[in-house]
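Here the structure comes first, spelled out in structure tokens, and everything after it is commentary.
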Amino acid sequence: MGRRRKVLRIGLIGDRDSRVIAHWAIPLALQQSLLPHSGTLRVDWLDTPRLAAGLPLHTYAGFWCIPGSPYRETEGALRAITYARTHDVPFLGTCGGFQHALLERARQVLGWREAAHGETDPEAERTVIHALPCSLLDVSETIALRPGSRLAAIYGLPSIREGYRCSYGVNPEFQDALFGGALHACAHGEDGSIRALEATDHPFFLATLFQPERKALAGVGVPLAQAFLSAAFRHAAATAGSPA
Numbered sequence: 005m006g007r008r009r010k011v012l013r014i015g016l017i018g019d020r021d022s023r024v025i026a027h028w029a030i031p032l033a034l035q036q037s038l039l040p041h042s043g044t045l046r047v048d049w050l051d052t053p054r055l056a057a058g059l060p061l062h063t064y065a066g067f068w069c070i071p072g073s074p075y076r077e078t079e080g081a082l083r084a085i086t087y088a089r090t091h092d093v094p095f096l097g098t099c100g101g102f103q104h105a106l107l108e109r110a111r112q113v114l115g116w117r118e119a120a121h122g123e124t125d126p127e128a129e130r131t132v133i134h135a136l137p138c139s140l141l142d143v144s145e146t147i148a149l150r151p152g153s154r155l156a157a158i159y160g161l162p163s164i165r166e167g168y169r170c171s172y173g174v175n176p177e178f179q180d181a182l183f184g185g186a187l188h189a190c191a192h193g194e195d196g197s198i199r200a201l202e203a204t205d206h207p208f209f210l211a212t213l214f215q216p217e218r219k220a221l222a223g224v225g226v227p228l229a230q231a232f233l234s235a236a237f238r239h240a241a242a243t244a245g246s247p248a
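Going from the sequence shown to our numbering is simple: count from 1 and add 4.
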């Protein structure tokens with residue numbers, strides 16, 4: 005009998021919705037990124053009510069927090085992000101995942117328990133994520149990558165062009181407090197606004213306001229998905245083999 009192929013489990017944090025284009029694109033981007041690796045891929049949709057109820061997370065080699073917020077249970081998404089951050093599990097967030105990575109930092113790292121997302125609590129005193137002055141619905145822009153950042157290394161370029169479908173981003177009122185220490189802004193839009201973040205004290209913790217995964221639907225490789233999946237394989241190998 006041949007050896008059983010290793011199975012890499014990736015958890016998608018968020019609530020699946022067939023109307024969201026990114027929800028079709030993300031599994032495809034991951035499958036397209038599998039080619040250089042030996043093993044098979046299992047992608048699980050981790051809906052936020054189950055996450056809030058205590059769904060076990062230890063079997064996953066990576067987490068991707070997906071677009072499509074507001075999530076049904078914000079606390080469920082934040083719980084999974086906290087787990088990835090504190091257990092050194094590779095984490096990628098896009099669009100809503102970027103927003104909630106910052107919300108998790110505000111609440112769990114900075115201790116701002118009242119920190120809020122403007123989409124669900126617009127009247128809160130600390131809306132660390134607020135409505136953008138100009139909505140980024142189905143638009144693209146040129147994004148400058150911070151020299152020396154992990155994101156710049158992944159793309160191998162000083163700037164990229166990517167698309168969005170979002171109306172919320174970092175509230176400038178709080179960005180100086182949110183960023184600092186090991187968390188860095190690593191990409192900026194044409195108006196200078198922060199478009200991506202990464203943590204330098206974590207094996208792979210990166211989130212973007214843009215949605216690079218969409219290119220997979222046109223058969224185009226997604227460098228960020230490739231880097232994330234490689235990090236997940238490294239994590240699995242370092243923790244006694246890929247989870248089954």
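The beta carbon of each residue, even a glycine, is placed where N, CA and C say it ideally should be. On a predicted model such as this, the values are computed, not experimentally measured, just so you know.
Taking 8 Å as the upper bound for CB-CB distance, G80 and P60 are not in contact here, some 13 Å apart.
Distance between V143 and Q179, taken at the CA atoms: about 24 Å. Here H192 carries a strand assignment [DSSP, helix/strand/coil].
Within a 10 Å sphere around the beta-carbon of T63 sit fewer than 16 other beta-carbons, which makes this residue exposed.
Beta-bridge pairing by DSSP links H121 to I133. Taking the Cα positions, E127 is about 10 Å away from H121. By the 16-neighbour rule on beta-carbons within 10 angstroms, S163 is exposed. Here Y64 carries a coil assignment [DSSP, helix/strand/coil]. The shortest CA-to-CA distance from R23 to any of A235, Q36, R169, H192 is the one to R169. DSSP assignment within the segment 69-107 yields the following whole beta strand (DSSP E) runs of 3 residues or more, N-terminal first: 95-98. By the Cβ neighbour-count rule, P137 is exposed, with fewer than 16 other Cβ atoms within 10 Å of its own. Here S42 is exposed, its C-beta having fewer than 16 other C-beta atoms within 10 Å.
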